[in-house]
Ligand SMILES: Cc1cc2nc3c(=O)[nH]c(=O)nc-3n(C[C@H](O)[C@H](O)[C@H](O)COP(=O)(O)OP(=O)(O)OC[C@H]3O[C@@H](n4cnc5c(N)ncnc54)[C@H](O)[C@@H]3O)c2cc1C
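Residue numbers (UniProt numbering): 1 to 558.
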């Protein structure tokens, strides 16, 4: 077992890009993005000019909207319009996917960045009054850009100024505002306690607002379930601009926002979470195998073992294409990343008894505090200062397209072999498999809108990313992602082919423009929510019958 060495810290001081270079995995998390220190002027100038001269009608609507904001809220909220030089920077800073930042991507008429809850109330009231669409953005990680793009004239309600975390160790809870990131939440917990943690995702820059309301999963899910399984209360601004809490919104709406997507129901201001107990030391490991080193056999066995291991163990799989040791050839590398809520002297014999194929050795294991483990999980090297959790990206680094699946029966070895051929052809693809079981299997499918519980061995994410600009390249990679997805059909869930709502994918069904059609919505609704879709529709009908809070994959009213 190795203890993190402080001697190596200077090598890693917050050069965030090292997180990707050293681990040499795909630049997936914000902390892994190549650094964008200054935004290229070509990115901003291309749309600056067109936006400065809004059509007369839009300018009038915008003026009326701004006047309404001033009259409705207690003070003036920060507001950015295309006339402000900082507008492109504010817009860009929370765009994660460059696919949704091109000269032709529709831009908002304004970005409102509340510093007070009353600003959120006023923005809801005024967008509704002036017939504008509202797009709510917390961390901007929506895979399909739905928090900052719309075909209709729209305003972005940007929550980044509302990001406080108020801890209460006495009752082991915290209130966290929607504009905080997961990293900021983890950091705040780590500052106050060595024995508390929280069950959420592994990418520090993901926003609390979107992540929680889509369910939220992470390395503690086999022991504690999803993020929303550990939420006790929430504050939300409803369609009439009223602030509600769990008590005043009622259990139906409180159920709906815990996994049904917040943006169909209102603006979530903050969540009250139940902190979880973690041991002072946890153990982390990375074990890599290429095809030549028997990766297929180890992965095949992983499917049987990982979902049945004790709840304290979580072993995630990352798959990517690498250069083979044979010159000019490619191979597939499978990375097994583990987290154990305990020390390595217990972990190593346990894994070797249940999963000897992995060949886990003491030297692969690193003991550290839970807060340090969140940095490890974000693929930063051992010794990276935990301040990295507070980093926020300045601009999107990559173009990407992602899709998800659920596996209920182990994929046979010959299945993996056919998958490897496809991955090697695509090259710029990364897959992640997350084991279920444990606490995830004990919670009923209808306890929250998130239905993927017992019966799932693991979830799959396919992530294709590229750096080259241009519609031709984008279309090429999107086509490849669809082909890969189609080829996976024999191995994954059917009727419906389930999908993870937090990995939004417009290919599985979408409503266009201003109308949310129930039958179209049922296509994606069943995949994301199974039969919980019906209850979500009932709640929507009750709380927002005029369908003000809508987007391309929102829940329709009846
Ligand atoms: C790099 C990366 C890593 C990820 N890792 C994980 C992971 O480990 N586990 C996991 O479960 N997911 C993960 N995700 C998915 C992530 O949880 C979702 O994309 C989530 O919706 C992002 O939330 P956000 O606030 O950052 O995004 P946003 O783009 O701001 O919002 C996403 C959606 O939520 C809505 N929304 C945002 N804020 C509010 C609010 N305050 N009130 C109402 N609606 C709101 C938006 O309108 C939009 O529809 C990852 C995504 C990325 C890009």
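Cβ atoms here follow ideal geometry from the backbone N, Cα and C, with glycine treated the same way.
Ligand 1 approaches residue 203 closely enough that one of its heavy atoms is under 7 Å from the residue's Cβ. In the three-state reduction of the DSSP assignment, residue 209 falls in the helix class. Within the same chain, 72 and 241 come within 6 Å of residue 125 by CB-CB distance, once the 5 residues on both sides are set aside. Annotation: the continuous alpha helix (DSSP H) that includes residue 70 extends over 56–72. DSSP places residue 187 inside the alpha helix (DSSP H), whose first and last residues are 182–192. Annotation note: the segment 200–273 contains the following uninterrupted beta strand (DSSP E) runs of length 3 or greater, listed N- to C-terminal: 231–237.
Contact between residue 481 and residue 458 is ruled out by a C-beta separation of about 20 Å, above the 8 Å threshold. Bounds of the alpha helix (DSSP H) holding residue 415 are 413–426. Residue nearest to residue 471 within the set 162, 249 and 400 is 400 (criterion: CA-CA distance). Placement of the Cβ of residue 452 at a distance of 7 Å or more from every heavy atom of ligand 1 is found.
Residue 147 has its Cβ nearer than 7 Å to a heavy atom of ligand 1. Here the segment 248–262 lies against the segment 220–232, with 3 or more beta-carbon pairs under 8 Å apart. Annotation note: the segment 426–484 contains the following uninterrupted alpha helix (DSSP H) runs of length 4 or greater, listed N- to C-terminal: 439–442. Here the distance from the Cβ of residue 211 to the nearest heavy atom of ligand 1 is below 7 Å. Going by DSSP, residue 542 is part of the alpha helix (DSSP H) stretching over 532–543. With contacts defined as CB atoms closer than 8 Å, residue 339 and residue 284 qualify as a contacting pair. The Cβ atoms of residue 265 and residue 550 lie no closer than 8 Å to each other. The secondary-structure analysis by DSSP pairs residue 156 across a beta bridge with 111 and 135. Not one heavy atom of ligand 1 falls within 7 Å of the beta-carbon of residue 118. With distances taken between CA atoms, residue 414 lies nearest to 488 out of 313, 488 and 153. Residue range 117–129 is occupied by the alpha helix (DSSP H) that includes residue 122, with no beta strand (DSSP E) assigned at that position. Boundaries for residue 527: no beta strand (DSSP E) harbours it, while the alpha helix (DSSP H) harbouring it runs 518–529, taken from the DSSP string. For residue 372, the enclosing alpha helix (DSSP H) has its first and last residue at 370–377. DSSP places residue 402 in the strand class (E or B) of the three-state scheme. With distances taken between CA atoms, residue 166 lies nearest to 178 out of 159, 178 and 297. Between the segment 429–437 and the segment 505–520, the count of C-beta pairs closer than 8 Å stays below three; the two stretches do not touch.
Distance from the Cα of residue 275 is smallest, within the candidate group 107, 544 and 185, for 185. In the DSSP secondary-structure assignment, residue 196 is bridged to 277. Per DSSP, the beta bridge partners of residue 322 are 331. The count of Cβ pairs closer than 8 Å, one atom from the segment 100–113 and one from the segment 155–174, reaches three, so the stretches are in contact. Counting of Cβ neighbours within 10 angstroms places residue 454 among the exposed residues, the total staying below 16. Straight through space, the alpha carbons of residue 221 and residue 441 are spaced by roughly 10 Å. The continuous stretches of beta strand (DSSP E) do not include residue 142, and DSSP gives it neither H nor E. At least one heavy atom of ligand 1 lies less than 7 Å from the C-beta of residue 217.
Below 8 Å, enough C-beta pairs join the segment 125–145 and the segment 198–212 to call them touching: three or more. In terms of CA proximity to residue 506, 553 leads the group 534, 439, 553 and 469.
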